[in-house]
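Colleague: The structure is given below, and queries will be raised subsequently.
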Amino acid sequence: MTDNTARNLEYDLPDLQAYWMPFTGNRYFKKDPRLIARAKGAYVWTHDGKKVLDSIAGLWCCNAGHCHPKIVEAIQKQAAVLDYATAFQLSHPKVFELANKLTDIAPDGFDYAFFVNSGSEAVDTALKMALAYHRIRGDGARTRLIGREKGYHGVGFGGISVGGISPNRKMFGAMLPGVDHLPHTHNVEKNAFTRGLPEWGVHLADELENIVALHDPSTIAAVIVEPIAGSAGVILPPQGYLQRLREICDEHGILLIFDEVITAFGRTGDKFAATRMGVTPDLITTAKGLTSGTVPMGAVLAKGEIYDTFMTGPEGAIEFFHGYTYSGHPLAAAAACATLDVYEEEGLYERALSMESYLEDGLHSLKGEPYVIDVRNYGMIGAVEMQAIDDQPTARAVQLFRHCFDNGVSVRTTGDTAAFSPPLIIENKQIDQIIETVRGALRAI
Ligand code: PXG
């Protein structure tokens, strides 16, 4: 499977020792390294010239496909004109242009954008906004944050506190105080092989009423959930579930935060999951697809009422004591402006929606293959869950990953689930290739 166009990129591996790799089995990886040297469109090439179809858009980010010429050009141009400008008490034009573009496509009422450099930072920023919002309004007893089991909100202390993935939490002490968690909504027994949002499970949202009653509503600042949980293996909200969370939050004056780090920018078949699913939160966190993965950037989108609440102190005073050296970095802002243009010009939001059923049919054709206990999908997101090998959770998925990669398709596995989130430029024949490679792997492993 060596691709000739990549031959000139084959090179000897550097010494791998010094780099401490994130979320990686370092010792295992360094014995059998897989390095990506080049990427284009829906493909990446390894350092030794192997061409691999990218079924996960990098890591849920490269929605416009890799190395899109328009985005590349925008970054190159920006780097030559303005490399950096401080974000505090000074700024630069591109980031204002971006804020306008982004709030133009955001759900109605989300008129303000605060820029950060990652999903983790977006989450911590949104949690801090929620706490400060209540305090400014004289409701400073609202300090509790509610997350959800199996939730992934990045790796900052805020994000792991509201997150619900135990290996990401257990090593790191007591975390933020006053956090509670909703039950997760994953249930293979009830919902296996559902196409789109599952029917069973709306009652799980009512658990928020119990949590609210336990702590008293006057102590709760915000609820944060992913509309669709990605990291924990694609967990879809039951029909009516997000609506119910919204109602309960409204009843008790609690802010609702949607973590749309993976679901925004076309992934669900619309610009935001909030719009596709018809539920409006108070804050939205984004990252990843904002720049199609090219330059690190995230954003928190805030409703006018939240921004206005902050704009009430003495003029000239800083309203929100928060921000990062690289907030709204010129290269990221240029990349994001170009990315949002590409999504619009190439009709990728509509394309994602129109391809949903093709991906759905392909994925569900894997029902009946060895080990497959569930297939789930929504928009350009899919998951195939496998029966775990007794006493060896994740081992089956690791085998699947290796087999697929060796056969020219990269898939993301988490637990014993393979997740799919291809670039939105993907074509039907490439979807076929993903499905048939996974089928072959399931039969072979
Ligand atoms: N929120 C959500 C919903 C995410 O999916 C983050 C926050 C954190 O973003 P940063 O940019 O700080 O990494 C994420 C990240 C996976 C996987 O395997 C997904 C993520 C990260 C690592 C693995 O699906 N999403």
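The number in our numbering is simply the position in the sequence shown, starting from 1, with 169 added.
Ideal placement from N, C-alpha and C gives every residue a C-beta, glycine not left out.
Being a predicted model, the structure only gives us computed values, none of them experimental.
1. Where does Pro-336 sit, in a helix, a strand or coil, going by DSSP?
2. Skipping 5 residues on each side, what residues in its chain have a beta carbon closer than 7 Å to that of Thr-171?
3. For Met-555, which residues does DSSP report across the bridge?
4. Give the secondary structure of Asn-195 by DSSP, where H, G and I count as helix, E and B as strand, and everything else as coil.
5. Just the C-alpha distance for Ala-175 and Trp-214, rounded to the nearest angstrom, thanks.
6. Have a look at Asp-375, Leu-377, Ala-501 and Thr-354 and flag the residue whose alpha-carbon is nearest the alpha-carbon of Glu-368.
7. Report yes if the C-beta of Thr-193 is less than 7 Å from at least one heavy atom of the ligand PXG; otherwise report no.
8. To the nearest angstrom, report how far apart Asn-173 and Lys-359 are at their CA atoms.
9. So who's on the other strand from Tyr-493, going by DSSP bridges?
10. Quick one: does the C-beta of Tyr-212 sit closer than 7 Å to a heavy atom of the ligand PXG?
11. To the nearest angstrom, report how far apart Leu-222 and Gln-599 are at their CA atoms.
12. Do Gly-323 and Gly-333 have their C-beta atoms within less than 8 Å of each other?
13. Does any heavy atom of the ligand PXG sit closer than 7 Å to the C-beta of Thr-463?
14. May I ask you to list the residues that DSSP assigns as paired with Val-166?
15. Below 7 Å, is the gap between the Cβ of Arg-311 and the nearest heavy atom of the ligand PXG?
16. Report the rounded CA-to-CA distance for Met-524 versus Met-549, giving the unit in angstroms.
17. Return the chain-ordered list of same chain residues with a C-beta closer than 7 Å to the C-beta of Thr-563, the five sequence neighbours on each side being excluded.
18. By the 10 Å Cβ neighbour count, where 16 or more other Cβ atoms means buried, how is Gln-602 classified, buried or exposed?
19. Within 7 Å: the Cβ of Arg-364 and any heavy atom of the ligand PXG?
20. Does at least one heavy atom of the ligand PXG sit under 7 Å from the Cβ of Val-392?
21. Mapping the DSSP letters down to three states, classify His-235 as helix, strand or coil.
22. Is the distance from the Cβ of Gly-402 to the Cβ of Cys-230 below 8 Å?
23. Using three-state DSSP, classify Ser-534 as helix, strand or coil.
24. Note down, one range per segment and in chain order, each alpha helix (DSSP H) of at least 4 residues found wholly within the segment 293-340.
25. Taking the beta carbon of Tyr-197 as the centre, do at least 16 other beta carbons fall within 10 Å, making it buried, or is it exposed?
Modeller: Per the coordinate set shown:
1. Walking along the sequence shown from the start, residue 336 turns up at place 167. In the structure shown, Pro-336 sits in a helix (DSSP, three-state: H, G or I).
2. For the purposes of this step, residue 171 is taken as the residue at position 2 of the sequence shown. Only weak support is given to the placement of Thr-171: the predicted model assigns it a pLDDT of 43, under 50, and the question is left unresolved by the model.
3. The sequence position of residue 555 within the sequence shown is 386, counting from 1. DSSP, once it has assigned bridges, lists Val-541 as partnering Met-555.
4. Counting from one through the sequence shown, the residue named residue 195 turns up at place 26. Correct three-state label for Asn-195: helix.
5. Counting from one through the sequence shown, the residue named residue 175 turns up at place 6. Counting from one through the sequence shown, the residue named residue 214 turns up at place 45. Because Ala-175 sits at a pLDDT of 43, beneath the cut-off of 50, its placement in the model cannot be relied upon, and the following sentence gives the value as read from the coordinates. Each residue's alpha carbon lies about 7 Å from the other.
6. Looking up residue 368 in the sequence shown gives position 199. Comparing Cα positions, the closest option is Thr-354.
7. Translated into positions along the sequence shown, residue 193 becomes position 24. No, since every heavy atom of the ligand PXG falls outside the 7 Å radius drawn around the Cβ of Thr-193.
8. Looking up residue 173 in the sequence shown gives position 4. Looking up residue 359 in the sequence shown gives position 190. At Asn-173 the pLDDT is 40, less than 50, meaning the model places this residue with poor confidence and gives no usable figure here.
9. For this step, residue 493 is matched to residue 324 along the sequence shown. DSSP, once it has assigned bridges, lists no residue as partnering Tyr-493.
10. To locate residue 212, count along the sequence shown from 1; it is residue 43. Relative to the ligand PXG, the beta carbon of Tyr-212 is positioned no closer than 7 Å to any heavy atom.
11. Translated into the one-based positions of the sequence shown, residue 222 becomes position 53. Translated into the one-based positions of the sequence shown, residue 599 becomes position 430. Cα to Cα, the separation comes out at about 8 Å.
12. As a working note, residue 323 is residue 154 in the sequence shown. As a working note, residue 333 is residue 164 in the sequence shown. No.
13. On the sequence shown, residue 463 is found 294 positions in, with the first residue counted as 1. No, Cβ of Thr-463 sits at least 7 Å from all heavy atoms of the ligand PXG.
14. Only positions 170 to 614 of the chain appear in the structure, and residue 166 is not among them; the question remains open.
15. One-based indexing of the sequence shown puts residue 311 at position 142. Flag unset: Cβ of Arg-311 not near the ligand PXG.
16. On the sequence shown, position 355 is the one that residue 524 refers to. On the sequence shown, position 380 is the one that residue 549 refers to. Their backbone Cα atoms lie some 7 Å apart in a straight line.
17. Taking the sequence shown and counting its residues from 1, one reaches residue 563 at position 394. Closer than 7 Å at Cβ, skipping near neighbours: Gly-584 and Asp-585.
18. For the purposes of this step, residue 602 is taken as residue 433 along the sequence shown, with counting starting at 1. It is buried - the Cβ of Gln-602 has at least 16 other Cβ atoms within 10 Å.
19. Sequence index remark: in the sequence shown, residue 364 carries index 195 (1-based). Answer for Arg-364: no, Cβ out of range of the ligand PXG.
20. Along the sequence shown, read from residue 1 onward, the residue named residue 392 stands at position 223. No, since every heavy atom of the ligand PXG falls outside the 7 Å radius drawn around the Cβ of Val-392.
21. Here residue 235 corresponds to residue number 66 of the sequence shown, with the count starting at 1. In the structure shown, His-235 sits in a strand (DSSP, three-state: E or B).
22. Position 233 of the sequence shown, counted from the first residue, corresponds to residue 402. Position 61 of the sequence shown, counted from the first residue, corresponds to residue 230. For Gly-402 and Cys-230, no; Cβs fall outside 8 Å.
23. Residue 534 sits at position 365 when you count from the first residue of the sequence shown. Three-state DSSP puts Ser-534 in coil, outside helix and strand.
24. As far as the segment 293-340 is concerned, its whole alpha helix (DSSP H) runs of at least 4 residues are 326-331.
25. The residue labelled residue 197 in the question sits at position 28 within the sequence shown. Burial call: exposed.
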